[in-house]
Amino acid sequence: MKGFRNILATLLLTVMAVLLILTVSEMPAFGEPGPAYNQVARHYLERSVQETGAVNVISAIISDYRAYDTLGEATVLFTGIAAVLAALSAHRQKRGGGDA
Amino acid sequence: MRDVVLQTIAKLIIPFIQLYGLYIIVHGHITPGGGFAGGSILASSFILYALAYDVGDGFRRMPRLAAKWLESMGGLMFVAIGLFALVQGGNYLTNFLGIGNPGTILSGGSIPLLTIAVGIKVASTIITLFYHLLEEKRHG
Amino acid sequence: MVNQLMTNLHYLVAMILFIIGFHTMLTHSNLIKKVIGMNIMETGIFLLFISIGYVRGGSAPIINDSIASYVNPLPSALILTGIVVGVSLTAFSLSMILKIYHYYGTVDSDEIMKIKDAEE
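Chains A, B and C are the protein sequences, given in the same order.
Mapped onto my numbering, the consecutive letters of the first sequence carry residue numbers 2 to 101.
Mapped onto my numbering, the consecutive letters of the second sequence carry residue numbers 7 to 146.
Mapped onto my numbering, the consecutive letters of the third sequence carry residue numbers 30 to 149.
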């Protein structure tokens, strides 16, 4: 049963690997400014010093232009650690140890 | 674990690790780095101390309650800076201080404050996670 | 086609990392090895997205008046959030594995299914 599952997984992953490698050969060339270098990136690069005053463009993006995403990510960190604390201190009273 | 080489090297190198972490957090808007990388480096100095010396000693240096309070304060500082910008008349989380001189530390408005808040939050998250997973092992 | 693959070598390595991580997640029965496979998959995805933003001959996006062209800063700024989400997910899944070990006594998923079937 376990061997059959392994062979099926390897077969499906081989098909997936062939499809992904065919996709890589159709992607735009590495290093040339392609469709990802659009006018938003150009606007951030040209106007970041005079609009925000920060020399590091990535820091200006995550703290000023897109600060709402950083707030959401701080929420994800907080929820993650709240879930870890809640999961680890469940059923703690049965053993007689102290709780956090 | 009691190893003389590990304890001597940890005693010598932990202040430099903390200074480096604080430098990356504070200069987050001038050099590459920012809040997340600096917070991780700052947390790893505490973990190195708890691993080289006794874990109870590590608990005494950074108590559990202090780590939990610091984490909540970091998140609340982020939200409070945004609300303060709302009070000043702009949108949520806009720049309300001046722009300053680009290239020095006192520049960028509210960007250094947000970077410090995120750095404190990430550092205390990693320390709290480490302490709780270690405590689980001790209590069974 | 091989020429085009050799030019996009970074994307190819990212896809290979994704396939290796997926294979590790599917075939091993130890729960911790599945978590490690998930981390390898995430590394492949981050490599794909960050290397989309590279511009040949550009330097790091720190504005200096003497540099002509910069690297695209947008993918790096968005992946920064993704890395933190991945760390949070790994921490939570490891704490779940701790509780499963305390309850069942083993970390092998096949044996856990056998114990669960025997309990009912």
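Each residue gets a CB set at the ideal place from its N, CA and C atoms; glycine is no exception.
### Task
To the nearest angstrom, report how far apart B:V124 and C:M125 are at their CA atoms.
27 Å
### Task
Give every residue of the same chain whose Cβ lies closer than 7 Å to the Cβ of B:G163, excluding the five residues on either side of it in the sequence, and list them in chain order.
Past the boundaries of the shown model lies residue 163 of chain B; chain B is included only from 7 to 146, so the question cannot be answered.
### Task
Please decide whether C:G82 counts as near chain A, where near means a Cβ-Cβ distance under 8 Å.
Under the Cβ distance rule, C:G82 counts among the residues neighbouring chain A, one pair being separated by less than 8 Å.
### Query
If contact means a Cβ-Cβ distance below 7 Å, which residues of the region 80-111 of chain B contact chain C?
none
### Message
Against chain A, with Cβ distances strictly below 8 Å, would B:L76 count as a contact?
### Response
no
### Message
Rounded to whole angstroms, what is the Cα-Cα separation between A:I59 and A:L72?
### Response
16 Å
### Paired residues, beta bridge with C:Y99 - DSSP
C:S88
### Query
Excluding sequence positions up to five away, which residues of its chain have a Cβ less than 8 Å from the Cβ of A:V50?
V56
#### Entry: Min CB distance B:L135 to chain C below 8 Å
yes
### Query
With a cut-off of 8 Å, do at least 3 Cβ pairs link the region 38-54 of chain C to the region 67-78 of chain C?
yes
### Query
Hey, how far is the Cα of A:E74 from the Cα of B:S116?
18 Å
### Task
Could I get the ranges of all uninterrupted alpha helix (DSSP H) runs contained in the region 36-83 of chain B, with 4 residues as the minimum, in chain order?
41-58, 61-67
### Task
Provide the residue(s) that pair with B:S113 in DSSP beta bridges, ordered along the chain.
Per DSSP, B:G106.
#### Entry: Beta-carbon proximity of C:V114 to A:V77, cut-off 8 Å
yes
#### Entry: Euclidean distance between Cα positions of C:T36 and C:G82
Cα to Cα, C:T36 sits roughly 15 Å from C:G82.
### Task
Please look up how many angstroms separate the CB atoms of C:P104 and C:F78, rounded, as I've assumed it's under 8 Å.
5 Å
### chain A contacts made by the region 13-28 of chain B, where a contact means CB separation under 7 Å
The region 13-28 of chain B vs chain A, Cβ under 7 Å: nothing.
### Message
If distances are taken between C-alpha atoms only, which option among B:S113, B:G64, B:L140, B:G80 comes closest to B:F42?
### Response
B:G80
### Message
Check whether the region 20-39 of chain B and the region 30-47 of chain A are in contact - that is, three or more C-beta pairs closer than 8 Å.
### Response
no
### Task
Identify whether A:D65 lies in helix, strand or coil by the three-state DSSP scheme.
helix
#### Entry: Close-in-space but distant-in-sequence residues of the same chain around C:I69 (CB under 7 Å, 5 per side omitted)
Once the five neighbours on either side are set aside, the close Cβ partners of C:I69 are L46, I49, G50, T53.
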